[in-house]
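Novice:
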Amino acid sequence: SFINGVTKVLPYPAAIVDGRIITYHDWRYEVEAVTRFSQKKFGEAKPQAIEKEVLDKLIYQTIFKKIARKYKIEALDVDVEKSLEQIESQMGGKEETEKAVADFFGWDMATFQERIVRPETLKQKLYDGLGQSENFLKQTEERAQQVLKEVKAGDKSFNELATEYSEDPGSAENGGDLDWFPKGVMVKEFEDAAFALNPGEVSDLIKTDYGYHIIKLKDRRQSEEGEDEINASHILIRFTDFEEYLKEYENKAKIYKFVALD
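Numbering-wise (this note's numbering), the sequence shown opens with residue 1 and increments by one.
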């Protein structure tokens, strides 16, 4: 149609994500492919649902690309080829895959590779890489250092800061209170640091699999069985889960949609 012809030349936006345009042409192109897929697979297509689903997918892909650039993570050609080989293996070979892609999407393999395989490969590399990314871990450490700074400043009580900042759902509401506990209850790094403190002392940052802890020892005693027990509070700054990070990134992103979806 005339509109489709114009949008191929002029990049009329379907959406803009942090200044990056998702073109109307790209959106419609994928909507048509997914509509075809839905009709072939399920015998029907729901236009409004498909239009929204495709736009959301393209928005997420734009966000993935931005995060990937930030952390210098790439979907290299060799990664994409490996992903494609896995798909071909599941589909029963190269020819079967080409046939299915042409039948279900109306695409050739180069289009399928760039529009489906490469974005999914990048997404997987982000999931795999960011959890252990030094930059990503560093962000958590920086947040924890900032909280420790406030603890040491003493403008607010440890309890107040724990309620405000701690990401431990079991203790945050109680000012980080962990009550009395003996050795062998907490993870080793936490336990070693907590039992080494004197009453009233606050630890430096203690790293465990959960994140960074700031521990305050309130008191110590011996149980009736003669075991050492301590009463401590802590503030936990958790390592950010990638899904949470993505949601946070999406909430901060400036997203403008220019197509009516209902």
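All C-beta atoms in this analysis are idealised placements derived from N, C-alpha and C, irrespective of residue type, glycine included. Every value quoted in this text rests on a predicted model; they were computed, and no experiment measured them.
I believe Gln124 touches Leu205 by the beta-carbon criterion, under 8 Å. Please report the beta-carbon distance rounded to the nearest angstrom.
Specialist: That belief does not hold up - the Cβ atoms of Gln124 and Leu205 are roughly 31 Å apart, past 8 Å.
Novice: What separation, rounded to the nearest whole angstrom, lies between the Cα atoms of Arg69 and Leu122?
Specialist: If you take the alpha carbons of Arg69 and Leu122, they lie about 11 Å apart.
Novice: Relative to the C-alpha of Glu244, which residue among Thr140, Ser171, Tyr24 is closest?
Specialist: Comparing Cα-Cα distances from Glu244 to each of Thr140, Ser171, Tyr24, the minimum goes to Thr140.
Novice: Starting from Arg36, trace the alpha helix (DSSP H) in both directions and tell me its first and last residue.
Specialist: Element bounds for Arg36: 24–42.
Novice: Need the endpoints of the beta strand (DSSP E) that Arg280 sits in, please.
Specialist: With the chain running from 1 to 262 in the structure shown, residue 280 is simply not present.
Novice: Which residues in the same chain have their Cβ closer than 7 Å to the Cβ of Gln113, if we skip the five residues on either side of it in sequence?
Specialist: So the qualifying residues of the chain are Val80, Leu84.
Novice: Check for me: the beta strand (DSSP E) holding Phe239 runs from which residue to which?
Specialist: Counting along the chain, Phe239 falls outside any beta strand (DSSP E), and DSSP gives it neither H nor E.
Novice: Rounded to whole angstroms, what's the CA-CA distance from Lys183 to Lys72? Just pull it up for me.
Specialist: If you take the alpha carbons of Lys183 and Lys72, they lie about 42 Å apart.
Novice: According to DSSP, is Asp179 helix, strand or coil?
Specialist: Strand at Asp179.
Novice: As a quick exercise: from Val202, Pro119, Arg36, pick the residue whose alpha carbon is nearest that of Asp103.
Specialist: Considering only alpha carbons, the answer is Arg36.
Novice: Just to confirm, does Arg69 get its C-beta within under 8 Å of one of the non-hydrogen atoms of the ligand MG?
Specialist: Among the ligands in the structure shown, none appear at all, so the ligand MG cannot be discussed.
Novice: Rounded C-beta distance between Gln61 and Pro119? I'm assuming under 8 Å.
Specialist: That belief holds up - the Cβ atoms of Gln61 and Pro119 are roughly 5 Å apart, short of 8 Å.
Novice: Work out the CA separation of Ile50 and Val6 for me, nearest whole Å.
Specialist: Bear in mind that the predicted position of Val6 carries a pLDDT of just 48, short of 50, making it unreliable; the figure below should be weighed with that in mind. For Val6 and Ile50, the distance between alpha carbons rounds to 23 Å.
Novice: So, using beta-carbon positions, are Tyr212 and Ile237 closer together than 9 Å?
Specialist: Yes, Cβ-Cβ distance for Tyr212 and Ile237 is below 9 Å.
Novice: Quick one: grab the DSSP three-state call for Ile67.
Specialist: In this structure, Ile67 counts as helix in the three-state DSSP scheme.
Novice: Tell me where the beta strand (DSSP E) around Tyr256 begins and ends.
Specialist: Per DSSP, Tyr256 belongs to the beta strand (DSSP E) from 255–257.
Novice: For Tyr127, which residues of its own chain have a beta-carbon under 7 Å away from its beta-carbon, when the five flanking residues on both sides are left out?
Specialist: Excluding residues within five positions, the ones whose Cβ falls inside 7 Å are Phe242.
Novice: DSSP three-state call for Asn174: helix, strand or coil?
Specialist: Asn174 falls in the helix class under three-state DSSP.
Novice: For the alpha helix (DSSP H) that contains Ile87, what are its first and last residues?
Specialist: Unbroken alpha helix (DSSP H) run through Ile87: 77–91.
Novice: Going by C-alpha to C-alpha distance, which of Tyr249, Lys57, Ile214 sits closest to Glu189?
Specialist: The residue with the shortest Cα to Cα distance from Glu189 is Ile214.
Novice: Helix, strand or coil for Glu227 per DSSP?
Specialist: Three-state DSSP puts Glu227 in coil, outside helix and strand.
Novice: Once you ignore the five residues that flank Phe2 on each side, which residues in its own chain have a CB closer than 6 Å to its CB?
Specialist: Confidence in Phe2 is poor, its pLDDT being 49 and thus under 50, which makes the residue's placement unreliable; the coordinate value appears in the next sentence. Closer than 6 Å at Cβ, skipping near neighbours: no residue.
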